[in-house]
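Here is the structure we will look at, set down as structure tokens.
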Amino acid sequence: MRSHPSSHARVRALVAVAAVASLAAVPVLVAPAAFAVEPPAIVSEIEAAVVGLEPTSAGAAIVINEVNSDPGDWIELTNIGSDAVDLSGWLLADNARLTDATHLQSIAAGTTLQPGGFLKLDYTAAGLGKGDEANLYLPDATTLVDTTTWPAGTHATSWGRCADGTGDFQATTPTPGAANVCGTTPPPPAPALDPNWDDIEINEIASLNDDDPGNPGFGDAVELVNTGTHDVTIEGWYQTDSGAATGASPLTLADLTTWDGDSLEPAGSWIIPAGGYVAFSSKKGLSGEGDAVKIYGPGADAATRQLVDEQAYGDGDAGVSDTYDSDARAFAACPDASDEFWRVTENSFGQDNTSSCATKSRRLDTPVVLNEVSNVGGKAELLNTGSGSVDISGWELRDAQDAVVHTIPAGTVLAAGAFYVADDIAGLDSADALTIRRAEDGASVIAHTWYEDGIASYSRCDLFGTVSYVETPTATWGAANACPGLSTETWPGAATVSVVDAVDAFTDLDANDEGDVSGAAFDPADPSILWVVMNKGRLFKMHAVNGVYESFPEWVGGIPLRFADGGGELDSEGVTIAPDGAVYITSERDNGRAKDTSSNKIARFDVSAVTATTTELVATREWDVNEFVTTGTNLGLEGITYVPDAFLVASGFEVDGTAYAASDYVTPGLFVTAVEATGALHFFSLAAGAAPVEVKVESSGFPWSMDVAYDADRGALWALCDDGCGGVYNLLDVVDGDFEVAHSYARPAGMPNLNNEGMAVAPASTCADGFQEVVWADDGDTDGHSLRAGTLPCPSTDEPGGPGEPTPTPTPTQGPSTSGPASDGQLTDATRGSVDAPATAAAGQTVTLFVGTQYAGDTVSVWLHSTPISLGTHVVSAAGTVTVTLPAGVAPGEHRLVVLDADGNVIGWTEVTVTGPLAATGADGAGLAATAGLAAALIGAGVLAVVLRRRRAHA
Numbered sequence: 008m009r010s011h012p013s014s015h016a017r018v019r020a021l022v023a024v025a026a027v028a029s030l031a032a033v034p035v036l037v038a039p040a041a042f043a044v045e046p047p048a049i050v051s052e053i054e055a056a057v058v059g060l061e062p063t064s065a066g067a068a069i070v071i072n073e074v075n076s077d078p079g080d081w082i083e084l085t086n087i088g089s090d091a092v093d094l095s096g097w098l099l100a101d102n103a104r105l106t107d108a109t110h111l112q113s114i115a116a117g118t119t120l121q122p123g124g125f126l127k128l129d130y131t132a133a134g135l136g137k138g139d140e141a142n143l144y145l146p147d148a149t150t151l152v153d154t155t156t157w158p159a160g161t162h163a164t165s166w167g168r169c170a171d172g173t174g175d176f177q178a179t180t181p182t183p184g185a186a187n188v189c190g191t192t193p194p195p196p197a198p199a200l201d202p203n204w205d206d207i208e209i210n211e212i213a214s215l216n217d218d219d220p221g222n223p224g225f226g227d228a229v230e231l232v233n234t235g236t237h238d239v240t241i242e243g244w245y246q247t248d249s250g251a252a253t254g255a256s257p258l259t260l261a262d263l264t265t266w267d268g269d270s271l272e273p274a275g276s277w278i279i280p281a282g283g284y285v286a287f288s289s290k291k292g293l294s295g296e297g298d299a300v301k302i303y304g305p306g307a308d309a310a311t312r313q314l315v316d317e318q319a320y321g322d323g324d325a326g327v328s329d330t331y332d333s334d335a336r337a338f339a340a341c342p343d344a345s346d347e348f349w350r351v352t353e354n355s356f357g358q359d360n361t362s363s364c365a366t367k368s369r370r371l372d373t374p375v376v377l378n379e380v381s382n383v384g385g386k387a388e389l390l391n392t393g394s395g396s397v398d399i400s401g402w403e404l405r406d407a408q409d410a411v412v413h414t415i416p417a418g419t420v421l422a423a424g425a426f427y428v429a430d431d432i433a434g435l436d437s438a439d440a441l442t443i444r445r446a447e448d449g450a451s452v453i454a455h456t457w458y459e460d461g462i463a464s465y466s467r468c469d470l471f472g473t474v475s476y477v478e479t480p481t482a483t484w485g486a487a488n489a490c491p492g493l494s495t496e497t498w499p500g501a502a503t504v505s506v507v508d509a510v511d512a513f514t515d516l517d518a519n520d521e522g523d524v525s526g527a528a529f530d531p532a533d534p535s536i537l538w539v540v541m542n543k544g545r546l547f548k549m550h551a552v553n554g555v556y557e558s559f560p561e562w563v564g565g566i567p568l569r570f571a572d573g574g575g576e577l578d579s580e581g582v583t584i585a586p587d588g589a590v591y592i593t594s595e596r597d598n599g600r601a602k603d604t605s606s607n608k609i610a611r612f613d614v615s616a617v618t619a620t621t622t623e624l625v626a627t628r629e630w631d632v633n634e635f636v637t638t639g640t641n642l643g644l645e646g647i648t649y650v651p652d653a654f655l656v657a658s659g660f661e662v663d664g665t666a667y668a669a670s671d672y673v674t675p676g677l678f679v680t681a682v683e684a685t686g687a688l689h690f691f692s693l694a695a696g697a698a699p700v701e702v703k704v705e706s707s708g709f710p711w712s713m714d715v716a717y718d719a720d721r722g723a724l725w726a727l728c729d730d731g732c733g734g735v736y737n738l739l740d741v742v743d744g745d746f747e748v749a750h751s752y753a754r755p756a757g758m759p760n761l762n763n764e765g766m767a768v769a770p771a772s773t774c775a776d777g778f779q780e781v782v783w784a785d786d787g788d789t790d791g792h793s794l795r796a797g798t799l800p801c802p803s804t805d806e807p808g809g810p811g812e813p814t815p816t817p818t819p820t821q822g823p824s825t826s827g828p829a830s831d832g833q834l835t836d837a838t839r840g841s842v843d844a845p846a847t848a849a850a851g852q853t854v855t856l857f858v859g860t861q862y863a864g865d866t867v868s869v870w871l872h873s874t875p876i877s878l879g880t881h882v883v884s885a886a887g888t889v890t891v892t893l894p895a896g897v898a899p900g901e902h903r904l905v906v907l908d909a910d911g912n913v914i915g916w917t918e919v920t921v922t923g924p925l926a927a928t929g930a931d932g933a934g935l936a937a938t939a940g941l942a943a944a945l946i947g948a949g950v951l952a953v954v955l956r957r958r959r960a961h962a
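Residue numbering for the sequence shown follows my numbering, starting at 8 and increasing by one per position.
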């Protein structure tokens with residue numbers, strides 16, 4: 008159960024009218040009145056005498072009589088008056104009280120409570136936690152009728168009045184919908200522990216969620232088996248995960264299922280017959296990365312309950328894991344009812360484990376890893392990452408269909424750091440997997456699963472601290488992988504950023520003390536409007552007032568977002584505005600109804616008629632794209648942007664190698680979405696009343712991506728990675744039909760490494776003093792602020808370079824060279840040194856030279872030859888690099904970059920081919936480091952050097 012913040016947490020006035028859930032699934036709209044400091048009046052008959060208020064007759068008659076927060080969440084009311092009371096529209100809340108409309112729950116219309124009657128109401132708006140509150144309000148959403156708080160650190164199991172309706176609250180025995188058990192009447196005794204309890208064993212466990220393939224129909228499944236010859240009752244038994252016995256929860260008869268010969272169906276009895284089975288969903292969530300199940304007998308408290316059985320499992324043994332690709336679907340006793348457990352790829356809940364045990368295996372625990380694989384080249388490479396030799400004789404490589412595609416010859420011993428290349432693999436498909444299996448004991452591990460052809464191979468790489476497999480354009484069989492990375496350039500705008508929202512402008516709207524702002528976009532029809540979206544399903548329409556973004560009056564507090572069926576709560580991540588004026592929002596799950604289930608959707612909202620009385624926005628259309636985005640529950644769709652056909656056609660964008668044609672799709676453009684788990688950019692055509700069409704998948708240049716934004720002024724896409732990548736921003740141009748990273752910019756020097764998940768670039772029409780605004784959305788709400796702003800230099804239309812050339816970027820003043828130039832006679836092979844740079848660069852481009860880490864902190868001068876041109880003096884960075892800008896008027900052709908020390912001695916030099924002027928991308932900047940030597944040097948110095956692309960097209 009979920010616990011909530013203190014009841015004395017900051018009270019925020021709610022100006023917008025809130026939509027609340029009905030107990031009978033009947034939507035009821037209420038309008039909570041705002042209050043700033045004073046709490047609402049308490050009008051129950053009991054509290055009225057304390058605070059000196061006159062209660063209403065209805066309010067005096069209805070009181071909270073009993074509350075339960077574990078294992079169920081319910082609130083019981085009783086009528087102590089002499090007349091029936093209509094409870095239609097009355098409201099229940101937890102300790103959020105009136106501060107969060109999503110925690111308010113309306114009692115269904117037509118609900119009447121008779122004198123002396125009891126009414127048990129399931130509280131589903133939010134979970135009741137330890138030390139929580141139950142509150143009852145009149146339909147005006149202002150008047151507090153009754154309230155109770157149970158002790159901190161404890162659940163209400165149960166918490167009731169003694170005597171009914173008038174007495175004080177105390178711990179009681181649960182009696183939902185009936186009179187409380189009070190006074191000296193002892194609670195009913197716990198059922199006796201069955202004398203044959205020791206015959207009950209845990210027989211199978213699955214940590215799969217209810218939306219994971221291969222589950223038995225519910226998540227976190229547990230199976231018990233009766234190994235004895237007598238029937239055993241498990242009435243009153245408890246279960247928990249790896250936690251303490253005090254955290255165990257009682258099993259209910261409704262939890263239990265049995266196999267009827269065709270499927271698992273509700274059990275009709277507490278009894279497990281001799282040789283029989285029962286399955287249920289764990290009372291505590293089970294981790295895929297390793298956990299345990301514990302079963303206890305009956306007892307009034309944890310100390311008196313008998314531990315019946317317990318079984319632990321390791322990472323990925325019982326289902327999917329976040330740390331590696333596990334094919335396990337359960338952890339099962341093999342043979343059935345034994346104490347020996349195996350990971351199995353098929354489960355058999357409610358039945359004998361014989362069939363599932365046929366798929367048993369152990370996880371292969373070895374330092375030998377799959378280092379590179381190519382289904383196109385028919386090769387795979389293993390690497391021993393350990394410190395000792397490993398005998399891999401007879402090991403097998405198997406595909407996704409479990410067919411052996413390669414067997415390692417006898418006598419093969421892999422030394423530490425050594426490679427083994429299997430170059431005779433046939434039959435691997437574009438979508439396939441490779442498993443490493445040790446023949447002698449069957450231990451195996453899925454090394455890598457892929458869903459499309461790699462460019463040349465899939466290579467195991469450490470990207471931003473995370474080891475994963477990425478497509479690489481060059482295979483390096485028997486040698487270190489050519490892993491991708493980023494050579495970042497200085498942010499082309501101002502180094503400083505400023506906070507542009509009020510403190511706590513978004514905090515507490517979802518009761519978790521974080522703003523959770525994930526997306527932002529300027530309105531192309533009116534760029535003074537900034538649309539902002541929060542994870543917990545709220546949309547804000549904002550504008551700048553004295554340098555701070557504030558909500559328009561009708562939008563204060565944000566407007567809740569609902570799915571097209573009128574229910575749920577969008578886990579809203581990205582926002583964009585299409586030519587129809589509607590707002591399109593990405594959602595990766597339904598926070599209101601199925602928070603643990605992946606559900607990637609794009610929803611359209613009509614915002615043209617919002618007024619101060621608008622309580623919520625219901626999607627006018629939505630497109631389910633979950634089949635195209637295979638990720639974990641909270642790793643799906645993030646950003647979204649709209650790209651018009653005119654740009655796609657003019658840029659030379661291609662689909663399946665053919666020029667993009669606007670006539671191929673009924674929509675006037677495509678929506679591009681960024682996916683967190685993969686970093687992929689999915690291009691969709693979203694037509695009204697039609698299924699989504701995935702047109703193409705491109706790479707953002709990141710292993711994961713949080714936002715994507717179309718920049719019409721630069722004719723490019725921005726892709727954003729969050730603090731996991733250090734806050735890097737890729738600018739992608741269309742090259743040979745595909746989007747490729749043209750520039751990778753480090754975050755502005757004045758901005759900390761924040762959890763920025765949204766980026767909005769104001770159009771060039773808003774430029775002032777040569778700069779345009781950029782707004783970032785910080786999902787972490789750092790220091791109580793979610794929005795920060797910086798600048799980009801505006802693209803110019805009247806510079807000498809021609810229309811669209813970028814305005815020159817202000818650069819730090821470089822002092823004149825105090826040494827050099829060197830003579831041509833000094834530039835020999837013997838004086839090349841360690842200097843390296845891109846093999847090609849455009850005139851006017853900023854490039855990064857690797858000088859050598861041994862020169863870090865030294866002042867050097869850089870010259871461009873043949874006719875020597877000084878590129879200034881520079882201080883070598885800790886990474887051994889300096890950054891220089893080539894003159895815009897330098898002649899195309901072969902040149903040399905020469906680095907001299909403070910005394911004029913040659914440190915080193917390298918060739919560079921200068922091409923024509925830099926294309927219009929919004930700022931000068933270094934290209935990708937292209938030479939293998941530079942890549943190796945920069946990677947060795949801690950600077951990543953190559954950006955790769957990933958493409959997948961769909962007909």
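We put the CB at the ideal spot given by N, CA and C, even for glycine.
What you are looking at is a predicted structure, and each value in this text was computed from that prediction instead of being measured.
So, residue 528 versus residue 797, is the Cβ gap smaller than 8 Å? Along the sequence shown, read from residue 1 onward, the residue named residue 528 stands at position 521. Along the sequence shown, read from residue 1 onward, the residue named residue 797 stands at position 790. Against a cut-off of 8 Å, the Cβ pair of residue 797 and residue 528 comes out as no contact.
Residue 918 versus residue 906 - alpha carbon distance: By 1-based counting over the sequence shown, the position of residue 918 is 911. By 1-based counting over the sequence shown, the position of residue 906 is 899. Using only the alpha carbons, I get a separation of about 12 Å.
Grouping DSSP H, G and I as helix and E and B as strand, with all else coil, what is residue 381? Here the question's residue 381 lines up with position 374 in the sequence shown. Three-state result, residue 381: strand.
Contact set for residue 1013: own chain, Cβ-Cβ below 8 Å, skip 5 residues either direction: Residue numbering for the chain in the displayed model covers 8 to 962; residue 1013 lies beyond these limits and cannot be assessed.
Among 358, 587 and 507, which residue has its Cα nearest to the Cα of residue 554? Here residue 554 refers to the residue found at position 547 when the sequence shown is read from its first residue. Among 358, 587 and 507, the Cα nearest to that of residue 554 is on 507.
Quick test of your reading: residue 306 and residue 228, contact by CB under 8 Å. State the CB separation rounded to the nearest angstrom. In the sequence shown, counting from the first residue as 1, residue 306 sits at position 299. In the sequence shown, counting from the first residue as 1, residue 228 sits at position 221. The Cβ separation is near 25 Å, so there is no contact.
Would you report the Cα separation of residue 378 and residue 393, rounded to the nearest angstrom? The residue you call residue 378 lines up with position 371 of the sequence shown. The residue you call residue 393 lines up with position 386 of the sequence shown. The straight-line gap from Cα to Cα measures roughly 13 Å.
Residues in the same chain with beta-carbon distance under 7 Å from residue 674, minus the five sequence neighbours each way, listed in chain order, please. Working through the sequence shown from its first residue, we reach residue 674 at position 667. Cβ neighbours of residue 674 beyond the five flanking positions: 692, 693 and 694.
Counterpart residues of residue 648 in DSSP-defined beta bridges: Working through the sequence shown from its first residue, we reach residue 648 at position 641. 679.
Local conformation of residue 410 per DSSP, three classes: Counted from its first residue, the sequence shown places residue 410 at position 403. Of the three classes helix, strand and coil, the one that applies to residue 410 here is coil, per DSSP.
Pick from 78, 363 and 205 that is closest to residue 183, judged by C-alpha positions: Stepping through the sequence shown from its first residue, residue 183 is reached at position 176. Of the listed residues, the one whose Cα sits closest to residue 183 is 78.
Return helix, strand or coil for residue 508, following the three-state DSSP convention. By one-based count along the sequence shown, residue 508 stands at place 501. DSSP places residue 508 in strand when its eight states are reduced to three.
In terms of residue numbering, what span does the beta strand (DSSP E) encompassing residue 535 cover? One-based indexing of the sequence shown puts residue 535 at position 528. Counting along the chain, the beta strand (DSSP E) containing residue 535 begins and ends at 533 to 541.
Classify residue 59 as buried or exposed, calling it buried when 16 or more other Cβ atoms lie within 10 Å of its own Cβ. Stepping through the sequence shown from its first residue, residue 59 is reached at position 52. With a pLDDT of only 29 at residue 59, under 50, the local geometry of the prediction cannot be trusted, and no value is derived from it.
In whole angstroms, what separates the C-alpha of residue 371 from that of residue 294? As a working mapping, residue 371 is identified with position 364 in the sequence shown. As a working mapping, residue 294 is identified with position 287 in the sequence shown. Rounded to the nearest angstrom, the two C-alpha atoms are 20 Å apart.
For residue 602, count neighbouring C-beta atoms within 10 Å of its own C-beta (all shown protein chains included) and say buried if the count is 16 or more, exposed if not. By one-based count along the sequence shown, residue 602 stands at place 595. Exposed, because fewer than 16 other Cβ atoms sit within 10 Å of the Cβ of residue 602.
Roughly how many angstroms lie between the CA atoms of residue 100 and residue 111, to the nearest whole one? If you number the sequence shown from 1, residue 100 lands on position 93. If you number the sequence shown from 1, residue 111 lands on position 104. Roughly 5 Å between the two C-alpha positions.
Is the distance from the Cβ of residue 343 to the Cβ of residue 360 below 8 Å? For the purposes of this step, residue 343 is taken as residue 336 along the sequence shown, with counting starting at 1. For the purposes of this step, residue 360 is taken as residue 353 along the sequence shown, with counting starting at 1. Yes, these two residues count as a Cβ contact at 8 Å.
My assumption, with CB atoms under 8 Å, is that residue 534 sits in contact with residue 773. Please give the rounded CB distance. In the sequence shown, counting from the first residue as 1, residue 534 sits at position 527. In the sequence shown, counting from the first residue as 1, residue 773 sits at position 766. Going by Cβ atoms, the distance from residue 534 to residue 773 rounds to 5 Å, so yes, they are a contact pair.
What three-state label does DSSP hand residue 634 in the structure shown? Translated into the one-based positions of the sequence shown, residue 634 becomes position 627. In this structure, residue 634 counts as helix in the three-state DSSP scheme.
Per-residue DSSP class, three states only, for residue 174: Residue numbering aside, residue 174 sits at position 167 when the sequence shown is read from its first letter. Correct three-state label for residue 174: coil.
Using a Cβ-Cβ cutoff of less than 6 Å, which residues in the same chain neighbour residue 163 once the five nearest sequence positions on both sides are dropped? Counted from its first residue, the sequence shown places residue 163 at position 156. If we look at residue 163 and ignore the five residues flanking it on each side, its Cβ neighbours are 74, 75, 76 and 157.
On the criterion of 16 or more Cβ atoms from any shown chain inside 10 Å, does residue 250 qualify as buried, or is it exposed? Against the sequence shown, residue 250 aligns to sequence position 243. Counting Cβ neighbours within 10 Å, residue 250 comes out exposed, since fewer than 16 surround it.
Please confirm whether residue 303 and residue 230 have their CB atoms less than 8 Å apart. Counting from one through the sequence shown, the residue named residue 303 turns up at place 296. Counting from one through the sequence shown, the residue named residue 230 turns up at place 223. No.
For residue 118, count neighbouring Cβ atoms within 10 angstroms of its own Cβ and tell me buried if that reaches 16, exposed if not. The sequence position of residue 118 within the sequence shown is 111, counting from 1. Classification for residue 118: buried.
Which listed residue (154, 829, 892 and 871) has its alpha carbon closest to that of residue 908: On the sequence shown, position 901 is the one that residue 908 refers to. Selected option, being the one with the closest Cα: 829.
Span separating the alpha-carbon of residue 872 from that of residue 916: Along the sequence shown, read from residue 1 onward, the residue named residue 872 stands at position 865. Along the sequence shown, read from residue 1 onward, the residue named residue 916 stands at position 909. Using only the alpha carbons, I get a separation of about 10 Å.
If you follow the beta strand (DSSP E) that residue 868 is part of, which residue opens it and which one closes it? The sequence position of residue 868 within the sequence shown is 861, counting from 1. 866 to 872 is the extent of the beta strand (DSSP E) around residue 868.
N-terminal and C-terminal residue of the beta strand (DSSP E) that residue 156 is part of: What you label residue 156 is simply residue 149 of the sequence shown in a count that begins at 1. Residue 156 -> beta strand (DSSP E) spans 151 to 156.
Three-way DSSP call (helix, strand, coil) for residue 656 in this model: Here residue 656 corresponds to residue number 649 of the sequence shown, with the count starting at 1. Residue 656: helix per DSSP, three-state reduction.
Does the count of Cβ pairs from the stretch 256 to 272 and the stretch 198 to 213 closer than 8 Å reach three? no
Do the stretch 332 to 350 and the stretch 307 to 316 make contact, defined as three or more Cβ pairs closer than 8 Å? no
Identify the continuous alpha helix (DSSP H) that holds residue 364 and give its terminal residues. As a working mapping, residue 364 is identified with position 357 in the sequence shown. Residues 361 to 364.
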